[in-house]
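In the working numbering, the protein residues as written are 8 to 237. Glycine included, C-beta positions come from ideal geometry on N, C-alpha and C.
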Amino acid sequence: MSTPLPARRAFVHGAIAILPLSLAIAPWAMLAGSLAIDAKLTPWEGQGLSVIVFAGAAQLVAIGMLKSGAGLFSILLTTLLLTSQHLLYGLTMRPALSGLPARWRLGLGFLLTDEFFAVNSAGLQQFNRWYALGVGLTLYLAWNLFTLAGIVLGSSIPQLNRLGLDFSIVATFIALIVPLVRNMPTVVCVVCSLCCSVLFSYWHWESALVLSGLVGMSAGYACLRLKGRS
Numbered sequence: 008m009s010t011p012l013p014a015r016r017a018f019v020h021g022a023i024a025i026l027p028l029s030l031a032i033a034p035w036a037m038l039a040g041s042l043a044i045d046a047k048l049t050p051w052e053g054q055g056l057s058v059i060v061f062a063g064a065a066q067l068v069a070i071g072m073l074k075s076g077a078g079l080f081s082i083l084l085t086t087l088l089l090t091s092q093h094l095l096y097g098l099t100m101r102p103a104l105s106g107l108p109a110r111w112r113l114g115l116g117f118l119l120t121d122e123f124f125a126v127n128s129a130g131l132q133q134f135n136r137w138y139a140l141g142v143g144l145t146l147y148l149a150w151n152l153f154t155l156a157g158i159v160l161g162s163s164i165p166q167l168n169r170l171g172l173d174f175s176i177v178a179t180f181i182a183l184i185v186p187l188v189r190n191m192p193t194v195v196c197v198v199c200s201l202c203c204s205v206l207f208s209y210w211h212w213e214s215a216l217v218l219s220g221l222v223g224m225s226a227g228y229a230c231l232r233l234k235g236r237s
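Dropping the structure here:
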């Protein structure tokens, strides 16, 4: 049985583990900052989105909806649907977090992202809160620093959002998903989600992303049940 790491060492190990993904989200965060400026938000408002919201896809969509004049309720509902996978993340990590004090549960819950879950979910049986804090806090600081860089560059370089920075979103999620595809139900989930997202987008369905995710999860769950029966 391995000896738990001291708090400081565990924190440093977590920070080092998330560094590659912290660098990978740099173009994404810069895009969020530059789009905030392009949407006529003040630098303080643009940075405030990253400080308070801390959700890449939700921020980008919310900024686009603000720019198009969408109402507050529409923005809140859309971002809720976009970040609904965090409910599943929370349920998965609940056994490891339920015994922690409230301040730890709230803090780590705020830092919960796709990247945070990917790094921490593999070792839930040996979950270390300081390691998780190192992961989440490092990613949070990187996201806000790169958002600031995007705000500064967005104020001085016009049309920064046309440089293809949004490709980093795709690359980051590919890097997160591929190592987790280890069994047939997961393969079914990924393939179904991918095919449905392409098909629904071709049909111009507004909820293509959400619906394709639901179809993929349902197909993966059905495959898991069939595999269990056999």
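Cβ-Cβ distance between residue i and residue j below 8 Å
i, j, result
"T154", "Q54", "yes"
"A7", "I82", "The structure shown has nothing for residue 7, since the chain only spans 8 to 237."
"L119", "Y96", "yes"
"A65", "G141", "no"
"S219", "S200", "yes"
"S75", "T99", "no"
"H20", "L12", "yes"
"S259", "G161", "As displayed, the chain neither begins before 8 nor continues past 237, which places residue 259 out of reach and without an answer."
"M37", "A125", "no"
"N151", "S57", "yes"
Same chain only: Cβ atoms within 6 Å of residue i, ignoring 5 sequence neighbours per side
i, result
"V195", "A226, G227, C230"
"A149", "S29"
"F134", "A103"
"L4", "The structure shown does not extend to residue 4, since the chain is modelled only from 8 to 237, so the question has no answer here."
"C203", "S219, V222"
"A43", "G53, I70"
"S105", "none"
Outcome for residue i when other beta-carbon atoms lying within 10 angstroms are tallied against a minimum of 16
i, result
"A109", "exposed"
"Y147", "buried"
"Y138", "buried"
"M191", "exposed"
"F80", "exposed"
"T85", "buried"
"W51", "exposed"
"I23", "exposed"
"L94", "exposed"
"F123", "buried"
"F7", "The first residue shown for the chain is 8 and the last is 237, placing residue 7 beyond what the model contains."
"L48", "buried"
"R189", "exposed"
"I158", "buried"
Beta-carbon contacts of residue i that lie in its chain and below 7 Å, excluding the five residues immediately before and after
i, result
"L89", "A64, A65, V68"
"M224", "C196"
"M72", "S81, I82, T85"
"M8", "Note that M8 has pLDDT 40, beneath the 50 cutoff, so the model's placement of it is unreliable and the number below is only indicative. If we look at M8 and ignore the five residues flanking it on each side, it has no Cβ neighbours."
"S208", "A215"
Sequence-distant residues of the same chain with beta carbon closer than 8 Å to residue i, five excluded per side
i, result
"K234", "M191, P192"
Every unbroken alpha helix (DSSP H) within the segment 104-143, with a cutoff of 4 residues, ordered by chain
109-117, 121-127
In the segment 26-53, which residue ranges form an unbroken alpha helix (DSSP H) of at least 4 residues, counting only runs that do not cross its ends?
33-45
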